[in-house]
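Take the position in the sequence shown, starting the count at 1, then add 220; the result is the number in the working numbering. The beta carbon of each residue, even a glycine, is placed where N, CA and C say it ideally should be.
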Amino acid sequence: MTDTVVGYTGGKKKNPTYRSMGDHTEALKVTFDPSVVSFTQLLDKMFEEHDPSRPSKNCSSQYINAVWFASEAQKAAVLKKVAALEDDGIEVNTRIAPRGDFYRAEEYHQKYYAKQGARW
């Protein structure tokens with residue numbers, strides 16, 4: 221089982237909001253049961269769902285591709301995934317950093333597509 225919350229992370233500003241984000245990135249916090257789904261499986265899904273070769277230097281920090289790890293084991297798994305992608309000839313520009321403070325986004329951002337009636 222997994223649970224997701226959208227919010228902001230990676231920056232220094234305390235209590236960012238959508239209108240005053242500072243140097244944070246819009247992010248998805250995933251809480252999961254490793255007996256049901258592994259961190260590696262989540263990484264595979266994450267790297268399937270975004271373009272890791274998209275350059276971040278031309279993007280504001282709000283929209284960069286990033287993955288934040290919570291432990292040395294997760295960091296090792298991320299670096300292994302990146303190495304495998306690079307071995308396949310894919311340039312990886314996804315930012316990799318330790319998890320810091322996470323701030324929950326405003327309620328109207330939570331489950332946004334479901335609130336708009338989208339079915340996926």
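request  = Would you check if the distance between the CB atom of Gly-320 and the CB atom of Gly-230 is smaller than 9 Å?
outcome  = Indexing the sequence shown from 1 puts residue 320 at position 100. Indexing the sequence shown from 1 puts residue 230 at position 10. Contact flag set, yes.
key: First through last residue of the beta strand (DSSP E) which encompasses Thr-372   = Only positions 221 to 340 of the chain appear in the structure, and residue 372 is not among them; the question remains open.
request  = Let me know the secondary structure DSSP gives Ala-296 once reduced to three states.
outcome  = Along the sequence shown, read from residue 1 onward, the residue named residue 296 stands at position 76. Three-state result, Ala-296: helix.
Residues that Ala-247 bridges to, as DSSP identifies them = The residue given as residue 247 occupies position 27 in the sequence shown. Paired residue(s): Gly-227.
request  = List the endpoints of the continuous beta strand (DSSP E) containing Ala-317.
outcome  = Counting from 1 along the sequence shown, the entry for residue 317 is found at position 97. 315-318 is the span of the beta strand (DSSP E), which, as asked, contains Ala-317.
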